[in-house]
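Novice: The structure follows.
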Amino acid sequence: MTMTERIYKGGEFLVTEVDANDVFTPEDFSDEQKQIAETTEQFVDNEIKPHIDAIDAQQFDLVVEGMRKCGELGLLMIDAPEEYGGLELDKATSMLVAEKIAPAGSFSVSFSAHTGIGTLPFVYYGTAEQKEKYLEKIITGEWLSAYCLTEPGSGSDALGVDTTATLTEDGRYYLLNGTKQFTTNGGIAQIFTVFAKIDKKHFTAFIVERDFEGVSIGPEEKKLGIKGSSTTQVVLDNARVPAKNVLGEIGKGHKIAFNVLNVGRFKLGAAVTGAAKNALAEALKYGNERKQFDLPISSFGAIQEKVADMTAGVFASESLIYRLAGLLDAKLATIPKGGDDYYAHYQKGIEEYASECAVAKVFCSEVLGEVVDEVVQIFGGYGYVNEYPAERFYRDERINRIFEGTNEINRMLIPGMLLRKAMKGQLPLQSESMKAFEALMTPSFEEIDDSIPLAHDKHLIASLKTLFLVVAGAAVQKYQVKLRDEQEILLALADLVIELFALESAVLRVEKTLPAASEGKKELLLATAKVCAFAAAEKMATAAKRAAFYSAEGDNLTMILSGVRRFTRYDASNLLQAKRTLAKAAFEAEKYVF
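Residues in the sequence shown are numbered from 1 upward in steps of one, following our numbering.
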């Protein structure tokens, strides 16, 4: 892939102007990446979609068979090191496969759990002996993998597990006792990453085989959606786990839990983006076929506006995901390969963008939620009938805002991680916040040159960054270190960061691709930027007002609220035409148009 000249730090986008040429976009995919994407699409179309109803009826033998075929195609080994039979490809390719597998419905959940949280603990933390023994089985699909963190009493509180591990007197085994809840692939996996506390205090990860003495699998959960993915309890009753199966360091299980989840959140963002594209395509086909009042419903403005908003949302999601992939790949490429500490540095590279990974999870999963809701609406009564795909899209979508950390937890993590960086001197939020307050109190007479493409959009982004720094600064000033306990304010600040990163990603992509685009494509790109900018400005205005009322009062509040109006001002002239342009192109293509 094309590497950027400059490597931006995590969170740096909030305090600097980003160059469009330093952003990786889907238009930058290599021929090899496109070929892998095409292979994945063909696999889904030929091997999974014909069986999607049977898989949803929990014929798990089809899931196992499909995973084995994925192994044969190399789709399970993208993130695994070459020395153990993997392909060791970049994150952009990994995300592309996650996106293209998404139309496989429930199967994609099994796939993502296996290739993400089921595989990466071995890649990042396994010893040479552990990798030699297990990785080949995992990346070929011979063994399916699962990740056991959640328990009946601990979900978002990941470190609050009750599962215990006690070393036997001869020092050869740990006896694990406890119950793991909501384990994806639980009923079909042969190997599990299990988290337990040694002597009830040292949070540690273990490699547990299904056939170990004391391991049993509970019945399948009766779920709202993703019915074709196995979800069970894993019960550990004096489960005998060899001492050499400790994964990583004793007492350092939190590193595995959190670092692997960073990639899991990122990959989920890619997967839900693929699901949104697929759902949108079904709605477009139906909109052209369905007639009311002797006209196809695709001709109605009410439907067209939905399609335009969905298309713009998916564009922002896609732009965000591959921008982040580019950031990660550029950072990871600087780490010399080889050496015992390679994956330690690798994990720090990923952790650099932990807040952006959380942004990706939240923004993209919520775009999918909005898309499938409107898809059901476009299908009307038939959207509620399970012979049509909209009903399944709707049920399957909902879990994405819960697993890989609920969206609420991720929202609270985002400002928390950014503020910690600022306290460590890694991100100049305090000094930039002071400049933002100066800008707030200084009248602006700047005129925007309408003849420059995206001038209004880029001015808006700069203003929104100032707005974030103002309201974040006000919150820190009032609450100081106690801000970490003010969840409502953290949620509001997170909304600002999320919308800002997504909007900037979309606009930078438009800016980068515009010069080489055809006239028709330029019109679509500029229309999309306008729809994205208008929506983001409105959402950020609301979030900023919440943060202001939570953090300020009196003259200070009045001043910040005036800043909200000023910094979210956006000239959305011809917004209606922009939406109609997008909708027309989408209905003509009957698919996502970018």
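Note that the Cβ used here is the ideal one computed from N, Cα and C, for glycine as well.
Just so you know, these numbers come straight off a predicted model, no measurement behind them.
Note down the Cα distance separating G338 from I250, rounded to an integer number of angstroms.
Specialist: Against the sequence shown, residue 338 aligns to sequence position 338. Against the sequence shown, residue 250 aligns to sequence position 250. Going from the Cα of G338 to the Cα of I250 covers about 24 Å.
Novice: Here's a check: name, in chain order, each residue in its chain whose Cβ is nearer than 8 Å to the Cβ of A517, leaving out the five neighbours to either side.
Specialist: Mapped onto the sequence shown, residue 517 falls at position 517. If we look at A517 and ignore the five residues flanking it on each side, its Cβ neighbours are L525.
Novice: Expressed to the nearest angstrom, what Euclidean distance is found between the alpha-carbon atoms of K348 and A98?
Specialist: The residue labelled residue 348 in the question sits at position 348 within the sequence shown. The residue labelled residue 98 in the question sits at position 98 within the sequence shown. Approximately 23 Å between the Cα atoms of the pair.
Novice: So which of L175, K197, T127, T231 has the shortest CA-CA distance to Y147?
Specialist: As a first step, residue 147 is located in the sequence shown; it is residue number 147 there, counting from the start. Checked all of L175, K197, T127, T231; the closest Cα to Y147 is T231.
Novice: Excluding sequence positions up to five away, which residues of its chain have a Cβ less than 6 Å from the Cβ of C364?
Specialist: On the sequence shown, position 364 is the one that residue 364 refers to. Excluding sequence neighbours, C364 sits near G269, V272, T273, S317.
Novice: Tell me whether T2 is buried or exposed, calling it buried when 16 or more other Cβ atoms sit within 10 Å of its Cβ.
Specialist: Taking the sequence shown and counting its residues from 1, the one referred to as residue 2 is at position 2. Because T2 sits at a pLDDT of 45, beneath the cut-off of 50, its placement in the model cannot be relied upon, and the point is left open.
Novice: Any chance the stretch 131 to 148 sits against the stretch 65 to 83, with 3 or more Cβ pairs inside 8 Å?
Specialist: Short answer: they touch.
Novice: According to DSSP, which residues form a beta bridge with R240?
Specialist: As a position in the sequence shown, residue 240 is number 240, starting the count at 1. L175, per the DSSP bridge assignment.
Novice: Please name the residue or residues paired with I207 in a DSSP beta bridge.
Specialist: Your numbering for residue 207 matches position 207 in the sequence shown. Beta-bridge pairing links I207 to T193.
Novice: Closer than 6 Å by C-beta to R6: which residues in its own chain qualify, once you throw out the five before and the five after it? Chain order, please.
Specialist: On the sequence shown, residue 6 is found 6 positions in, with the first residue counted as 1. Cβ within range, chain order: D22.
Novice: Excluding sequence positions up to five away, which residues of its chain have a Cβ less than 7 Å from the Cβ of A422?
Specialist: Start at 1 with the first residue of the sequence shown, and residue 422 comes out as number 422. Cβ neighbours of A422 beyond the five flanking positions: L429, Q430.
Novice: Considering T16, what are the terminal residues of the alpha helix (DSSP H) in which it resides?
Specialist: Within the sequence shown, residue 16 is the residue found at index 16, counting from 1. It is not in any alpha helix (DSSP H) - T16 carries neither H nor E in the DSSP assignment.
Novice: Would you identify the three-state DSSP class for Y353, choosing helix, strand or coil?
Specialist: Stepping through the sequence shown from its first residue, residue 353 is reached at position 353. It is coil, neither helix nor strand.
Novice: Answer with buried or exposed for Y384, where buried requires no fewer than 16 other C-beta atoms within 10 angstroms of its C-beta.
Specialist: For the purposes of this step, residue 384 is identified with residue 384 of the sequence shown, where counting begins at 1. Taking a 10 Å sphere around the C-beta of Y384, we find fewer than 16 other C-beta atoms and assign the residue as exposed.
Novice: Just verifying my parser: in three-state terms, what is the DSSP assignment at Y147?
Specialist: Locating residue 147 in the sequence shown gives position 147, where the first residue counts as 1. Y147: strand per DSSP, three-state reduction.
Novice: Are the CB atoms of I48 and A113 within a distance shorter than 8 Å?
Specialist: Reading the sequence shown from its first residue, position 113 is the one you call residue 113. Reading the sequence shown from its first residue, position 48 is the one you call residue 48. No, these two residues do not count as a Cβ contact at 8 Å.
Novice: With DSSP as the reference, label T232 as helix, strand or coil.
Specialist: By one-based count along the sequence shown, residue 232 stands at place 232. It is a strand residue.
Novice: Under 8 Å Cβ to Cβ from Q377, same chain only, skipping five residues before and after it: list those, please.
Specialist: Indexing the sequence shown from 1 puts residue 377 at position 377. Closer than 8 Å at the Cβ level, and outside the excluded window around Q377, lie K306, G383.
Novice: By alpha-carbon positions, which one of E511, K244, L149, P336 ends up nearest to K458?
Specialist: Residue 458 sits at position 458 when you count from the first residue of the sequence shown. Out of E511, K244, L149, P336, E511 has the C-alpha closest to the C-alpha of K458.
Novice: At the level of alpha carbons, what is the spacing between D90 and D170?
Specialist: Residue 90 sits at position 90 when you count from the first residue of the sequence shown. Residue 170 sits at position 170 when you count from the first residue of the sequence shown. D90 and D170: Cα-Cα distance of roughly 44 Å.
Novice: Under DSSP, the beta strand (DSSP E) around L167 begins and ends at which residues?
Specialist: Taking the sequence shown and counting its residues from 1, the one referred to as residue 167 is at position 167. Here the beta strand (DSSP E) through L167 covers 164 to 167.
Novice: Going by the CB atoms, is the gap between G116 and S355 shorter than 8 Å?
Specialist: The residue you call residue 355 lines up with position 355 of the sequence shown. The residue you call residue 116 lines up with position 116 of the sequence shown. No, the pair does not count as a contact, with Cβ atoms beyond the cut-off.
Novice: Going by beta-carbon coordinates alone, are M95 and Y322 separated by less than 8 Å?
Specialist: For the purposes of this step, residue 95 is identified with residue 95 of the sequence shown, where counting begins at 1. For the purposes of this step, residue 322 is identified with residue 322 of the sequence shown, where counting begins at 1. Yes. Within cutoff.
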